[in-house]
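Read the structure below first, then the notes.
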Amino acid sequence: MRRGIQTDYRLKYSAASPKLFHIVLMTIYQDDMNVVFNSIDSLSRQTEAKRIIMVIAYESRTPDREQRQASLEERYRNSFANLLFTIHPVLDHEIASHAANCNWSLREVVKLLFIDEGHTNAKEFTVTTTDCDCLFHEKYFEALSADYLQMLEKNDWYAHHTIWQPPLFYNWNLDKSSFITRVTGLVRSIMTMGMLIPYNINPMSTFSFSLTLAIRSEYWHPQMFVDDVGFLITSMSATGERIRVRGLPVPVRSGPTSGETWSKDIKEWFIQVRRWGLGISTFFSFVNLCNSFRMYI
419 MRRGIQTDYR LKYSAASPKL FHIVLMTIYQ DDMNVVFNSI DSLSRQTEAK
469 RIIMVIAYES RTPDREQRQA SLEERYRNSF ANLLFTIHPV LDHEIASHAA
519 NCNWSLREVV KLLFIDEGHT NAKEFTVTTT DCDCLFHEKY FEALSADYLQ
569 MLEKNDWYAH HTIWQPPLFY NWNLDKSSFI TRVTGLVRSI MTMGMLIPYN
619 INPMSTFSFS LTLAIRSEYW HPQMFVDDVG FLITSMSATG ERIRVRGLPV
669 PVRSGPTSGE TWSKDIKEWF IQVRRWGLGI STFFSFVNLC NSFRMYI
């Protein structure tokens, strides 16, 4: 990872490489705006910030949405290639979830880019979905650009069959955290770097992929609960092919699951595990569905 941080990835771009843009989806509901500002600040400091299309994906029930949007527009209007806002309505055929919001948001962005703005080549875009409590290393999109563009130049089949996963470190305010938060944060980081990525299991929390893969996959299924495993499953079932999880050698710092006291730590973990349980339940439902139609998982 140290080598990944120190590498100048822009030297790996070919002069003939297409201009690449990065769509970043960040969903917001009732989140603390100071946390949101910190996360978007890390994106505004990217070496490739002017190639980022920053998308703030609201739920229609988000409180104080107009005030939140005004503060974000004032702060970041000149930071990115574009700053967009989408509002996910309450729909009968969907469940209230991160995946459903991402599905709606990315569809709206694609309409804007390809119908209103006249773009024609989906290969010129990547998509990154992230939580609003993540801090990106400044070379994240530089590293992503280099790897993706090199695949395109080689006509690598994996260019549109890969999900890029950075190492996640759950160490926000670690010095002020309880023993439970420190241990669980460390275990989650080890799990991501030692199991999920090298054994090609599944993405988690913050990850990237080509827009081409998203379109072929028909984005997210709106009845999926989680966006990470949900996208992996929908993309494999839609394409009928294996999707690779590939490590990106630059870190992302993520907010740990925690509370103000030990008892609140345990309560937050109960909520988190229940959320994962709901996500896994939909995962197995889709596996059974795919097996019924002999789709490749």
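In this text, residue positions in the sequence shown follow this note's numbering: the first is 419, and each later residue adds one. Glycine is no exception: its CB is placed at the ideal position from the N, C-alpha and C atoms.
Out of the options, which one is the CA nearest neighbour of residue i?
i, options, result
"THR480", "ILE423, ILE446, ASP459 and PHE625", "ILE446"
"HIS440", "GLU492, ARG486 and ASN500", "ASN500"
"SER435", "GLN424, HIS639, LEU567 and ASP510", "LEU567"
"SER515", "THR544, TYR427, ILE608 and PRO640", "PRO640"
"PHE587", "TYR494, ARG600 and ARG463", "ARG600"
"SER460", "LEU429, CYS550 and HIS537", "CYS550"
"ARG660", "MET451, ASN618 and THR630", "ASN618"
"TRP582", "LYS572, ASP565 and ASP593", "ASP565"
"HIS578", "PHE543, PRO585, SER595 and SER607", "PHE543"
"LEU631", "THR610, MET611, SER655 and ILE608", "SER655"
Helix, strand or coil for residue i, going by three-state DSSP, please let me know.
i, result
"GLN583", "strand"
"ARG421", "helix"
"GLY658", "coil"
"HIS511", "coil"
"ILE615", "coil"
"ASN452", "helix"
Please tell me whether residue i and residue j are closer than 8 angstroms, where the distance is taken between their beta carbons.
i, j, result
"VAL442", "VAL473", "yes"
"CYS520", "ALA467", "no"
"TRP575", "ARG671", "no"
"ALA561", "LEU666", "yes"
"PHE643", "VAL545", "no"
"GLN464", "ILE470", "yes"
"SER523", "THR504", "yes"
"CYS552", "THR624", "yes"
Per DSSP, what are the beta-bridge partners of residue i in this structure?
i, result
"ILE446", "TYR476"
"LEU604", "Answer by DSSP bridge pairing: none, since LEU604 is not bridged."
"ASN521", "In DSSP, ASN521 forms no bridge with anything."
"ILE458", "DSSP output for ILE458 lists no bridge partner at all."
"LEU501", "MET472"
"HIS440", "ILE470 and THR544"
"HIS506", "GLU477"
"SER672", "CYS552"
Measuring only between beta-carbons, confirm whether residue i sits less than 8 angstroms from chain B.
i, result
"PRO584", "Judged by its chain identifiers, the structure shown contains no chain B, having just a single protein chain."
(message) What ranges does the beta strand (DSSP E) occupy inside the region 529-576, keeping only unbroken runs of at least 3 residues that lie completely in it?
(response) Listed in chain order, the beta strand (DSSP E) runs fully inside the region 529-576 are 543-548 and 552-554, counting runs of at least 3 residues.
(message) If we require 3 or more residues per run, which beta strand (DSSP E) segments fall completely within the region 620-670?
(response) Complete beta strand (DSSP E) runs here, min 3: 625-628 and 662-665.
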